[in-house]
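In UniProt numbering, the protein residues as written are 1 to 152.
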């Protein structure tokens, strides 16, 4: 089993806006960094433009990827150059209803669609963490058992 993730964010401006120049300039490099990161398996690519956006909402950026483990995903998101961009999130994106990240386990070789990913996020928002869709703080193992919380 592999760990799939979706995260969403709504841009403050349309793609191509000078206000998003820093974000758009960073996208290709961050994608290359992700693909070269330990544990990276796959990511959803944009049909057109620099980032995948939701059908019907050109400002809703949707990132879907698959990783070998949660630890690999965490290292990329927070301990690589990507972490610096996460800290700049508020300058490019509107406040996003929480949770804006959902995780779930997929079979090796699976490539989740945007629709499936958004349904997982919706499930998490409606019903809370469960083995079929969970968040970063309350995770589950591939066989559906809760991951014990880390002690400080």
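Virtual Cβ for every residue (Gly too), placed ideally from N, Cα, C.
As the structure is a computational prediction, the values presented were derived from the model and not from experiment.
Cβ shell of residue i (< 6 angstroms), same chain only, five flanking positions each side left out
i	result
residue 56	none
residue 123	133
Extent of the continuous alpha helix (DSSP H) run through residue i
i	result
residue 92	89-92
residue 86	82-86
residue 119	114-127
residue 147	Per DSSP, residue 147 belongs to no alpha helix (DSSP H) and is neither H nor E.
residue 27	21-36
Separation of residue j from residue i, as counted between CA atoms
i	j	result
residue 129	residue 14	32 angstroms
residue 51	residue 60	10 angstroms
residue 146	residue 127	16 angstroms
residue 3	residue 135	12 angstroms
residue 94	residue 8	11 angstroms
residue 65	residue 22	22 angstroms
residue 148	residue 103	16 angstroms
Residues bridged to residue i [DSSP beta-bridge criterion]
i	result
residue 108	For residue 108, which the question treats as bridged, DSSP gives no partner whatsoever.
residue 138	Its beta-bridge partners do not exist; DSSP assigns none.
residue 102	6
residue 133	130
residue 62	8
Close-in-space but distant-in-sequence residues of the same chain around residue i (CB under 7 angstroms, 5 per side omitted)
i	result
residue 46	52
residue 68	2, 39 and 41
residue 142	1 and 105
residue 92	11, 12, 20 and 23
Element boundaries [beta strand (DSSP E), containing residue i]
i	result
residue 9	2-10
residue 43	40-43
Contacts around residue i, its chain only, beta-carbon distance under 8 angstroms, and the 5 residues preceding and following it disregarded
i	result
residue 125	97 and 99
residue 82	30, 33, 34 and 76
residue 37	72, 75, 76 and 80
Contact between the stretch 108-121 and the stretch 22-32 is defined here as three or more beta-carbon pairs at a separation below 8 angstroms; is this criterion met?
no
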